[in-house]
Structures are given as C-alpha cells and as structure tokens.
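Asker: Here you go, one structure.
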Amino acid sequence: MNITAQKKILLARREELASMMQWIEHQLDESPSKDWEDRSSERQGDDVLEAMGLADQAELRSIDAALDRIEKGTYGVCVTCGEEISDARLVLVPATPFCRSCTA
Numbered sequence: 017m018n019i020t021a022q023k024k025i026l027l028a029r030r031e032e033l034a035s036m037m038q039w040i041e042h043q044l045d046e047s048p049s050k051d052w053e054d055r056s057s058e059r060q061g062d063d064v065l066e067a068m069g070l071a072d073q074a075e076l077r078s079i080d081a082a083l084d085r086i087e088k089g090t091y092g093v094c095v096t097c098g099e100e101i102s103d104a105r106l107v108l109v110p111a112t113p114f115c116r117s118c119t120a
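The numbering used here applies: residue 17 is where the sequence shown begins, and numbers increase by one.
Have a look at this one:
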C-alpha cells in the first residue's frame, strides 16, 4: 500500500468536504423569502442541506482519524482486531478503521 498516495487522496477529499460545508453554511445563512410558499420550499431545502452537512462532518471526522493513524504509523491496521486491512478495501474506503471482518 502506498501510504503517500492514500494520504493525498484523504487530503483531497478533506478539502472537497471543507468546501462543500462552507457552501452549505452560506446557503443556510441566506435570508428567507418573504413569500410563505417559497419559505416552505426553502425550509425543506434547508433540511436537506443540514443533513448533508451532518454527513460531511461525520466523513470529515473519519478522514481526520485516518490521517492521524497515518501519522502514528497505524494506518491500514484494524482498530478492532489489529489485523491488516486489505489494500483493496483501503482503496475503496480510504478512511476505514476496520478490516472487512470487523465491519460486519
């Protein structure tokens, strides 16, 4: 496993998430419409944006934890059982702290 390449992937995804979260925050800070019907639609959109923001925050925490494991030299080792996480799994889910067996 090329740890440097994985770190670049994690950092790039972290940057994407940070940008998305800023955009979401900007959208949520906009003044509401004065029209009641429009405001209702906007509120539904705000609910979706808030859910997206929460999901982004969770992924960001996961990425930060993975970057911390890289720094500590434990990246690619399952935090539950201590076995190596397969390269294929790390390519698919770079921030995963679990091997395939412990995920289930």
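Just so it is clear, CB atoms sit at the ideal spot from N, CA and C, and this is done for glycine as well.
Mind reading off the beta-carbon distance from L81 to P113? Whole number of angstroms is fine, and I expect it under 8 Å.
Answerer: Reading off the sequence shown, one finds Ala at residue 81, where the question assumed Leu. A81 to P113, Cβ: 6 Å. Contact.
Asker: Can you find the residues in the same chain that come closer than 6 Å, C-beta to C-beta, to R30, ignoring five residues on each side of it along the sequence?
Answerer: Only I79 meet the Cβ criterion.
Asker: When the Cα of D45 is compared with those of G61, E32, L33, which residue comes out closest?
Answerer: Nearest C-alpha to D45: G61.
Asker: Using CA atoms only, rank isn't needed, just tell me which of M17, E66, R59, K23 is closest to W39.
Answerer: For W39, the nearest C-alpha among the options comes from E66.
Asker: Considering only C-alpha positions, which residue in the set S102, A120, T119 is nearest to I19?
Answerer: Measuring from the Cα of I19, the nearest candidate turns out to be S102.
Asker: Among the candidates D72, G69, R116, I25, whose CA atom is the shortest distance from the CA of V93?
Answerer: Checking every option, the nearest Cα to that of V93 belongs to R116.
Asker: Here's the rule: buried if 16 or more other CB atoms are within 10 angstroms of the residue's CB, otherwise exposed. What is L70?
Answerer: Looking at its Cβ environment, which holds fewer than 16 other Cβ atoms inside 10 Å, L70 is exposed.
Asker: Identify the residues that DSSP records as bridge partners of E100: which are they?
Answerer: According to DSSP, E100 bridges with V93.
Asker: Taking the C-alpha atoms as reference points, what is the distance between V42 and A28?
Answerer: Looking at the sequence itself, residue 42 is His, so the reference to Val does not match. Taking the straight line joining both Cα atoms gives about 21 Å.
Asker: For M37 and M17, what's the separation of their Cα atoms in angstroms?
Answerer: If you take the alpha carbons of M37 and M17, they lie about 30 Å apart.
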